[in-house]
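Novice:
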Amino acid sequence: MSILGLDGRPQRENNIFQRIFWPGNHAGEADALGQQGFWVCLVVGLLSAAVALWTGHPLLALLTLAFYWLGGMGVREHSVTAAIIVALGYIASLAIVIIGGRFPGLLDIAITAILIGNIRGTYVASSWQAKGDPEVFPSRMNTTFFDWLVDQIPAKLWPKGRYVFFLVSAVYGVLLTLGTVALLHRLASPPPQTDELQLQLPASNQ
């Protein structure tokens with residue numbers, strides 16, 4: 401009867417925006433948000449690393465990619481701490497952009513909202529995980545390369561990789577702080593004034 405939708409229970413509205421930005425208290429929905437959060441973190445890391453490479457900072461590119469990739473694995477594995485750290489890191493990078501005089505675009509705002517929604521998603525998923533019932537989450541796929549990337553690799557690497565993530569996060573946070581301080585100091589310093597050289601011709605004696 402439930403297959404026909406005649407079981408008498410009220411059906412939930414399929415609100416895609418709620419599922420993306422503010423998931424409900426359902427394990428499957430929160431787990432799907434973890435998958436989405438992993439892909440968002442990975443894409444942000446790849447794009448940020450590409451920009452850093454383009455500007456001639458290969459070490460910063462590697463650090464940024466490691467921060468978002470490892471953080472994405474933490475989000476996939478329902479780590480509330482990882483979700484908070486990644487969201488704060490992205491917000492801090494946007495703050496530097498705003499301080500520099502450029503307002504973030506709609507894509508930046510959407511990514512920020514998704515990363516903040518990941519915090520609730522990981523909290524809901526971790527609460528279900530703590531109950532010890534493995535059947536509440538959908539089975540993880542291992543058919544394609546992308547299945548391995550989002551479902552298998554995080555589960556294998558995160559238990560030990562989280563310590564690397566915390567170390568990378570500390571270094572990344574220090575660099576963000578130093579960059580913010582340097583930018584504020586540069587904006588607060590008055591621009592150098594070049595004294596105009598005036599050529600004074602000696603008065604001719606007649």
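Counting with this note's numbering, you get residues 401 to 606 for the letters of the sequence shown. Virtual Cβ for every residue (Gly too), placed ideally from N, Cα, C.
Quick one: Cα of Q435 to Cα of L453, how far?
Specialist: Position 35 of the sequence shown, counted from the first residue, corresponds to residue 435. Position 53 of the sequence shown, counted from the first residue, corresponds to residue 453. Distance between the alpha carbons of Q435 and L453: 27 Å.
Novice: Give me the residue from T544, G579 and L515 with the minimum Cα distance to V440.
Specialist: Start at 1 with the first residue of the sequence shown, and residue 440 comes out as number 40. Checking every option, the nearest Cα to that of V440 belongs to L515.
Novice: Quick check on the burial criterion: 16 or more other C-beta atoms within 10 angstroms. Buried or exposed for L465?
Specialist: Counted from its first residue, the sequence shown places residue 465 at position 65. By the neighbour-count rule (16 or more Cβ atoms within 10 Å), L465 is buried.
Novice: By how many angstroms is the C-alpha of W528 removed from the C-alpha of E413?
Specialist: Here residue 413 refers to the residue found at position 13 when the sequence shown is read from its first residue. Here residue 528 refers to the residue found at position 128 when the sequence shown is read from its first residue. Per-residue confidence for E413 stands at a pLDDT of 46, beneath the threshold of 50, marking its modelled position as unreliable; no derived number is given.
Novice: When the Cβ atoms of the segment 460-480 are set against those of the segment 504-513, are three or more pairs found closer than 8 Å?
Specialist: Result no; under three Cβ-Cβ pairs closer than 8 Å.
Novice: Only counting the same chain, and skipping five residues up and downstream in sequence, which positions put a Cβ closer than 8 Å to that of T481?
Specialist: On the sequence shown, residue 481 is found 81 positions in, with the first residue counted as 1. Answer for T481: G474, listed in chain order.
Novice: Just to confirm, is the Cβ distance from S569 to I511 under 7 Å?
Specialist: Locating residue 569 in the sequence shown gives position 169, where the first residue counts as 1. Locating residue 511 in the sequence shown gives position 111, where the first residue counts as 1. Against a cut-off of 7 Å, the Cβ pair of I511 and S569 comes out as no contact.
Novice: Could you have a look at D431 and say whether DSSP puts it in helix, strand or coil?
Specialist: Within the sequence shown, numbered from 1, the residue matching residue 431 stands at position 31. Helix.
Novice: Quick check: the Cα distance between R409 and I519, rounded to an integer number of angstroms?
Specialist: In the sequence shown, the residue the question calls residue 409 occupies position 9. In the sequence shown, the residue the question calls residue 519 occupies position 119. Confidence at R409 is low in this model, with a pLDDT of 38, below 50, so the placement of that residue is unreliable and no value is reported for it.
Novice: Given a cut-off of 7 Å, decide if A430 and G521 are closer than it, judged by their beta-carbon atoms.
Specialist: The residue given as residue 521 occupies position 121 in the sequence shown. The residue given as residue 430 occupies position 30 in the sequence shown. Their beta carbons are under 7 Å apart, which means G521 touches A430 by this criterion.
Novice: Could you give the first and the last residue of the continuous alpha helix (DSSP H) run that contains L462?
Specialist: As a first step, residue 462 is located in the sequence shown; it is residue number 62 there, counting from the start. From DSSP, the alpha helix (DSSP H) with L462 extends over P458 to R476.
Novice: Let me know the alpha helix (DSSP H) ranges lying completely inside the segment 555-590, each 4 residues or longer, listed in chain order.
Specialist: List check, alpha helix (DSSP H) in window: nothing returned.
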